[in-house]
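Peer 1: There's a structure below that I have some questions on.
Number of protein chains: 2
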Amino acid sequence: MIIIGENINATHKKVSEALQARDETFFRELAQQQAEAGASVIDCNTGAQPATEEEDMIWTVGIIQDAVNIPIAVDSANPAVLRAGLEAYRGDQRLMINSINFEQGRFERVLPLVKEFHTQVVALVMSEQGMPRTKDDRVNTARRLIDALTQAGVAPEDIFVDPIVTPIGADATFGRQILDAISEIKEYSPQGHVTCGLSNVSYGLPQRRLVNRTFLAMAMARGLDSAIVNPLDSQLMASVCAAEALLGQDEFCLNYIGASRAGKLD
Amino acid sequence: MIIIGENINATHKKVSEALQARDETFFRELAQQQAEAGASVIDCNTGAQPATEEEDMIWTVGIIQDAVNIPIAVDSANPAVLRAGLEAYRGDQRLMINSINFEQGRFERVLPLVKEFHTQVVALVMSEQGMPRTKDDRVNTARRLIDALTQAGVAPEDIFVDPIVTPIGADATFGRQILDAISEIKEYSPQGHVTCGLSNVSYGLPQRRLVNRTFLAMAMARGLDSAIVNPLDSQLMASVCAAEALLGQDEFCLNYIGASRAGKLD
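Line order of the protein sequences matches chains H and U.
For the first sequence, counting from 1, position 32 maps to 21 in this note's numbering; every step adds exactly one.
For the second sequence, counting from 1, position 125 maps to 114 in this note's numbering; every step adds exactly one.
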């Protein structure tokens, strides 16, 4: 499971304040804690204040790359900010762009960055018409994104399709739609990855973390092999650890048993 | 989700002792607690002592039917004990037989009981050669059981196929085999049910309840619609509740929200 740690996101108040205060310790620790908890990639979103987003991205990428030696996902709605983050990186890991999609010319503006910096990329199933409404919307846009990216020379295994999770509290069919979409996308591109941001699924419900971790295990049973989540949620990560063992991705359950001994499953 | 409460099982020492002591309160409360916790069916296995199993079954069925008005699954390796339990029942619920399979003439001896008492039935994927070894063994025996039962006049919706869960600690591929088998069995008989006993999956591992509840959510994502479990495991039942909401089986998430308000998801 490729866990993309979502915690460095300036739309969260605490992160935004630490960013304005240029609190290096805060960001260093947040990167290290996520890596320690099992993140394979650290997402970096500095999109709180458009006026300073670019310099904030450059500064934050600098802190993260000194704190941990794992890939960073530069995450912005603004392609100029993505470029600034990619150019600021001095490490030896391949980076990730979060994200490309078909909305408002974004595909054409982000693809050159994917190619120039040879990054991995989150491909969000937004079409020219915006958000997907049905399972078929999700699968069709996913296929078009995969086709367009691979035709442009991006390797299938560098594409992380995000089928866009929507709240089950708004429509009871949304959960099953996403699960079915995950299966179909994985079937279309077995070498490719399927990822998703989880937390929207539980929007408006009580005990959201229970819904999120239950959904994550269910989605893994349908082919999800990455997730954009809070790796500091220890119960969520315990579910991932158990699910990996159950899917045969943890030979002799050694990682699971080790996590148990380290007290990570309590 | 059709939860078959497994707690009244005389192979557990406490239950066996209460049975020998004819402790009515123990069995009444164990039935009521399971029903209260969400069991739809109460399994009844009195197979501790072969010499008294039949009279133990008759006595226990009598206690359960007075304690709760939900179906009982009579559970024995001995068809004569199954018959005794079915004959002892005086309530108005349809009963279940746990289980029929193809091993050593069991199919021919149990089928007449299914028909005479018009019961539902757990169909365990044991063939004439015994335990299944692969996913294909499971699916093939399941198809044969479904075909043989429906040809004998049993309605598909009265059949609960159990694909037999084996420990992932013994073979890392077992989890995925079971999940794939569940999908294929459900696809073969969409009106039929797929159930399973869970706890074997985690045999030999630490934090077994975590593995069990994670597996249950994953199996539900693949089509499992029943399980033979301990409904007094509140975290397990919370996972089931969240998974039902995620699968669109809980309109407006009302059951989930109610369970949260009742403190059942904590």
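Every residue, glycine too, gets a C-beta built ideally from N, C-alpha and C.
(1) Residues of chain U with a CB under 9 Å from the CB of H:Thr162: which are they?
(2) Helix, strand or coil, according to DSSP, for U:Ile157 in the structure here?
(3) For chain H, find out if any of its Cβ atoms is closer than 8 Å to the Cβ of U:Val200; answer yes or no.
(4) Using beta carbons (cut-off 8 Å, strictly below), is H:Arg127 in contact with chain U?
(5) Under 7 Å, CB to CB, which of the residues in the stretch 143 to 176 of chain H have a partner in chain U?
(6) Helix, strand or coil: which one does DSSP assign to U:Met226?
(7) Who are the Cβ neighbours of U:Asp45 in its own chain at under 8 Å, not counting the five residues just before and after it?
(8) Within the 8 Å Cβ cut-off, does H:Ile217 reach chain U?
(9) Would H:Pro60 pass as a contact of H:Val103 if the rule is Cβ separation under 8 Å?
(10) Using the three-state DSSP reduction, which class does U:Met207 fall into: helix, strand or coil?
(11) Which partner residues does U:Phe106 have in the DSSP bridge list?
(12) Could you spell out the range, first to last residue, of the alpha helix (DSSP H) harbouring U:Phe241?
(13) Between H:Ile153, H:Val70, H:Thr155, H:Ile(-9), which lies nearest to H:Glu42 when the distance is taken from Cα to Cα?
(14) Would you report the Cα separation of U:Ala227 and H:Gly193, rounded to the nearest angstrom?
(15) Closest Cβ-Cβ distance between H:Ser188 and chain U: below 8 Å?
(16) Would you kindly report the start and end of the unbroken beta strand (DSSP E) that includes U:Ile86?
(17) Hey, could you find the ends of the beta strand (DSSP E) U:Ile148 is sitting in?
(18) According to DSSP, simplified to helix, strand and coil, what is U:Ala10?
(19) Give the secondary structure of H:Leu138 by DSSP, where H, G and I count as helix, E and B as strand, and everything else as coil.
(20) For U:Ile(-3), which three-state DSSP category applies?
(21) Chain H beta carbons: is any one of them nearer than 8 Å to that of U:Arg211?
(22) Apart from the five residues just before and just after H:Ala248, which ones in its own chain have a Cβ nearer than 7 Å to its Cβ?
(23) Which stretch, first to last residue, makes up the beta strand (DSSP E) that contains H:Val63?
Peer 2: Reading it off the structure:
(1) Gly237
(2) coil
(3) yes
(4) no
(5) Ile157, Gly158, Ala161, Thr162, Gly164, Arg165, Leu168
(6) U:Met226: helix per DSSP, three-state reduction.
(7) Ala(-1), Leu8, Thr35, Ala37, Gln38
(8) No, no contact with chain U.
(9) no
(10) helix
(11) DSSP, once it has assigned bridges, lists no residue as partnering U:Phe106.
(12) First-last for U:Phe241: undefined, no H or E at that position.
(13) H:Val70
(14) 18 Å
(15) no
(16) 85 to 89
(17) Per DSSP, the unbroken beta strand (DSSP E) holding U:Ile148 starts and ends at 148 to 151.
(18) Looking at U:Ala10 - three-state DSSP - the assignment turns out to be coil, as it is neither helix nor strand.
(19) helix
(20) coil
(21) yes
(22) Cys230, Leu254
(23) 61 to 64
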